[in-house]
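Heads up: the sequence shown begins at 36 in my numbering, then just goes up one per residue.
Worksheet for the structure shown next.
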Amino acid sequence: MIRYDVNLERNGEWIRVGCISGENSRNACFSYSEAYREDPYSVPVSVSLPLRKEPFSPLQTKSFFEGLLPEGFIRRTLAARMRTDEDDYLPILFGLGCECLGAVRISEEGGEEEASYRALSMEEVQALAAEGAGKSAELVLQSHLSLTGASGKVGLYYDEANKQWLLPVGTAPSTHIVKQSHIRLNDIVANEQLCERTAFYLGIDVPESFIINTGAGREHEVLLAVRRYDRLFTERAPRLKGLPVPLRLHQEDMAQALGISASGKYEQDPSQGYLAGMFALLRRVSANPIEDQLKLWDRIVFCRLVGNTDAHLKNFSLLYSPDLKGIRLAPAYDLVSTCVYPGGTRRLAFSIGGETDIRNVTEDSFRRAAKDAGIGERMAMNHVRDMKDRFRGALLKAADELVREGYVRAEELSEKILAGF
Numbered sequence: 036m037i038r039y040d041v042n043l044e045r046n047g048e049w050i051r052v053g054c055i056s057g058e059n060s061r062n063a064c065f066s067y068s069e070a071y072r073e074d075p076y077s078v079p080v081s082v083s084l085p086l087r088k089e090p091f092s093p094l095q096t097k098s099f100f101e102g103l104l105p106e107g108f109i110r111r112t113l114a115a116r117m118r119t120d121e122d123d124y125l126p127i128l129f130g131l132g133c134e135c136l137g138a139v140r141i142s143e144e145g146g147e148e149e150a151s152y153r154a155l156s157m158e159e160v161q162a163l164a165a166e167g168a169g170k171s172a173e174l175v176l177q178s179h180l181s182l183t184g185a186s187g188k189v190g191l192y193y194d195e196a197n198k199q200w201l202l203p204v205g206t207a208p209s210t211h212i213v214k215q216s217h218i219r220l221n222d223i224v225a226n227e228q229l230c231e232r233t234a235f236y237l238g239i240d241v242p243e244s245f246i247i248n249t250g251a252g253r254e255h256e257v258l259l260a261v262r263r264y265d266r267l268f269t270e271r272a273p274r275l276k277g278l279p280v281p282l283r284l285h286q287e288d289m290a291q292a293l294g295i296s297a298s299g300k301y302e303q304d305p306s307q308g309y310l311a312g313m314f315a316l317l318r319r320v321s322a323n324p325i326e327d328q329l330k331l332w333d334r335i336v337f338c339r340l341v342g343n344t345d346a347h348l349k350n351f352s353l354l355y356s357p358d359l360k361g362i363r364l365a366p367a368y369d370l371v372s373t374c375v376y377p378g379g380t381r382r383l384a385f386s387i388g389g390e391t392d393i394r395n396v397t398e399d400s401f402r403r404a405a406k407d408a409g410i411g412e413r414m415a416m417n418h419v420r421d422m423k424d425r426f427r428g429a430l431l432k433a434a435d436e437l438v439r440e441g442y443v444r445a446e447e448l449s450e451k452i453l454a455g456f
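The following block contains the structure:
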């Protein structure tokens with residue numbers, strides 16, 4: 036019989052919200068505890084899992100909690116090292132659930148985990164850049180940390196004062212997500228940094244990021260460090276090994292919030308209405324729905340301009356306030372130009388105005404999409420035209436900065452983006 040506690044951090048304190056129980060991953064169900072349901076300050080762990088007495092179905096449970104796990108090759112590697120079936124999500128979740136995206140922690144019933152930081156040597160950072168998924172899986176297992184997505188990544192703590200990277204152990208929170216380069220696509224680190232900076236210059240809210248160069252800037256020597264927007268330092272932050280410990284801010288991606296499994300993150304048919312569903316969700320739960328809908332709209336327009344066909348439901352998220360009472364659209368992340376790669380798909384992760392091919396998305400497509408989204412056409416089209424007018428300048432500015440920092444491939448990437456798809 037499986038029985039795991041589900042904990043949520045609220046204002047820096049761990050709260051037991053309920054448990055996942057069952058004979059195995061196929062029939063395990065999540066339920067809230069009576070104490071949590073009766074607490075007037077309690078909120079659901081997910082929009083898709085409202086507070087109630089009855090347990091949620093195995094499918095509802097899996098859609099949210101499996102959404103906390105890595106995907107693809109990283110998941111297969113982790114499952115092999117943990118000697119479990121990659122399709123059996125609960126053992127993997129338990130093994131990695133000390134530090135997830137957001138503020139969820141999975142533990143044995145009544146169990147406690149240590150919290151510590153271990154300094155990484157420069158050789159270990161270089162190995163993370165050079166050795167591919169194997170090294171990232173090794174560090175993930177050491178830290179018991181779960182990060183979603185299919186790329187090679189690990190959560191690390193950055194001690195800025197001493198320019199030192201540390202590996203969180205147990206329940207210790209990380210501050211940055213560090214992504215590998217060469218196990219994904221050529222120049223993907225420069226690509227993502229170029230897109231993130233371009234988005235920033237267009238007024239899109241993105242987390243701070245920078246390239247870690249462990250050598251001469253070659254593909255196997257660079258990593259991308261992205262500051263975690265779901266971690267917050269406060270003036271009264273506790274300290275661990277002399278280091279300030281950030282608060283965890285809860286988050287969930289759009290797939291989790293809409294009750295859609297990770298395997299369904301790509302829209303298969305325009306009738307599924309993923310774009311409309313995200314806007315309807317923001318109208319229902321956001322503390323500032325008008326502002327957040329416009330932010331989401333701008334990101335969708337940006338992905339069309341930069342050639343990003345991988346903007347699926349798990350690449351848009353909701354971010355909760357420290358007390359869990361307020362929900363806003365999270366900053367943009369995982370912004371890349373997929374269309375610069377020969378043979379890359381031109382099929383959108385979700386349709387825009389009924390169009391599924393990025394090459395066919397026009398202003399008329401955006402007009403239809405605005406209607407689907409439930410936002411005013413005039414305002415929506417003003418945003419489309421404004422971003423189109425400013426896009427080239429923002430992209431070239433970002434590329435020029437990266438070239439001056441030594442990443443000369445950024446210029447070629449910007450030229451490919453401007454050349455179209």
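For each residue, glycine too, the CB sits at the ideal point set by N, CA and C.
Since the structure is predicted, the reported quantities are computational estimates derived from the model, not experimental observations.
Residue(s) in a DSSP beta bridge with residue i
i: Ile-247; result: Leu-258
i: Phe-401; result: Its beta-bridge partners do not exist; DSSP assigns none.
i: Pro-305; result: In the DSSP output, where bridge partners are listed per residue, Pro-305 has none listed.
i: Asp-194; result: Gln-199
i: Ser-35; result: Any property of residue 35 remains undetermined from this structure, which presents the chain solely from 36 to 456.
Residues near residue i in its chain [Cβ-Cβ closer than 6 Å; skip 5 each side]
i: Phe-16; result: Given a span of 36 to 456 for the chain in the structure shown, any question on residue 16 remains unanswerable.
i: Val-438; result: Ala-445, Glu-446
i: Thr-119; result: Pro-126
i: Ala-225; result: Tyr-442, Arg-444, Ala-445
i: Leu-383; result: Thr-344, Thr-391, Ile-393
i: Trp-49; result: Asn-42
i: His-347; result: Lys-300, Tyr-301, Ala-384
i: Gly-361; result: Ala-322
i: Asn-46; result: Pro-357, Asp-358
i: Arg-110; result: Glu-121
Neighbourhood of residue i by C-beta distance below 8 Å, restricted to the same chain and skipping five residues each side
i: Glu-450; result: none
i: Arg-61; result: Pro-93
i: Met-36; result: Ser-56, Gly-57, Glu-58
i: Leu-275; result: Ala-150, Ser-151, Tyr-152, Ala-207
i: Asn-323; result: Arg-363
i: Leu-453; result: Arg-427, Leu-430
i: Ala-272; result: Pro-279, Val-280, Pro-281, Leu-282
Residues of its chain near residue i, where Cβ-Cβ distance is below 7 Å and the 5 sequence neighbours each way are ignored
i: Lys-500; result: Nothing about residue 500 can be read from this structure; the chain reaches only from 36 to 456.
i: Asn-248; result: Glu-256, Val-257
i: Ala-138; result: Leu-43, Glu-44, Arg-283, Leu-284, His-285
i: Phe-337; result: Ala-234, Leu-237, Ile-239, Met-422
i: Ala-404; result: Leu-310, Ile-387, Gly-388
i: Ala-415; result: Trp-332, Phe-401, Ala-405
i: Glu-195; result: none
i: Gln-228; result: Ser-244, Ile-246, Leu-259, Leu-437
Range covered by the beta strand (DSSP E) that runs through residue i
i: Lys-214; result: 211 to 215
i: Gln-286; result: 286 to 288
i: Leu-161; result: Reading off the sequence, residue 161 comes out as Gln, not Leu. No beta strand (DSSP E) contains Gln-161, which is instead part of the alpha helix (DSSP H) from 157 to 165.
i: Glu-390; result: 390 to 392
i: Ser-356; result: Segment: none, Ser-356 is in no beta strand (DSSP E) and carries neither H nor E.
i: Ile-387; result: 382 to 387
i: Glu-440; result: From DSSP, Glu-440 is part of no beta strand (DSSP E); its letter is neither H nor E.
i: Ile-362; result: 362 to 364
i: Glu-143; result: 139 to 143
i: Arg-153; result: 150 to 154
Limits of the unbroken alpha helix (DSSP H) element including residue i
i: Ala-315; result: 309 to 320
i: Asp-40; result: Counting along the chain, Asp-40 falls outside any alpha helix (DSSP H), though it belongs to the beta strand (DSSP E) covering 37 to 45.
i: Phe-99; result: 93 to 100
i: Gly-107; result: 107 to 117
i: Tyr-264; result: Run containing Tyr-264: none; DSSP gives neither H nor E here.
i: Ala-454; result: 444 to 454
i: Arg-334; result: 324 to 341
i: Tyr-376; result: Element bounds for Tyr-376: n/a, residue is neither H nor E.
i: Ala-71; result: One point to set straight first is that residue 71 is Tyr, not Ala, in the sequence displayed. Start and end: 69 to 73.
i: Thr-226; result: The sequence shown places Asn at residue 226, rather than the Thr named in the question. Its alpha helix (DSSP H) spans residues 223 to 236.
Distance between beta carbons of residue j and residue i, contact taken as under 8 Å
i: Val-160; j: Lys-188; result: Not really, about 14 Å apart at Cβ, beyond 8 Å.
i: Gly-130; j: Met-117; result: 5 Å
i: Ala-154; j: Leu-201; result: 5 Å
i: Ser-66; j: Pro-90; result: 4 Å
i: Ile-141; j: Val-280; result: With 8 Å as the limit, Ile-141 and Val-280 do not qualify as a contact, their Cβ atoms being about 20 Å apart.
i: Pro-366; j: Leu-267; result: Between Leu-267 and Pro-366 the Cβ distance is about 13 Å, and since that is not below 8 Å, they are no contact.
i: Val-375; j: Ile-223; result: In fact, because the Cβ distance is near 10 Å, the residues do not count as touching under 8 Å.
i: Phe-351; j: Asp-288; result: 7 Å
heavy atom of the ligand PLP below 7 Å from residue i C-beta
i: Arg-153; result: Absence of the ligand PLP from the depicted structure is noted, as is the absence of any ligand whatsoever, leaving it without description.
At least three beta-carbon pairs within less than 8 Å, the stretch 232 to 241 to the stretch 106 to 118: With a cut-off of 8 Å, the stretch 106 to 118 and the stretch 232 to 241 do not count as touching, because too few Cβ pairs lie within range.
The stretch 74 to 86 touching the stretch 292 to 305, judged by at least three CB pairs closer than 8 Å: The stretch 74 to 86 and the stretch 292 to 305 touch, with no fewer than 3 CB-CB distances between them shorter than 8 Å.
The stretch 314 to 324 contacting the stretch 295 to 304, beta-carbon criterion three pairs below 8 Å: Because the criterion of three Cβ pairs below 8 Å is not met, the stretch 314 to 324 and the stretch 295 to 304 do not touch.
Segment contact flag, the stretch 199 to 216 with the stretch 259 to 275, C-beta cutoff 8 Å, min 3 pairs: The stretch 199 to 216 is in contact with the stretch 259 to 275.
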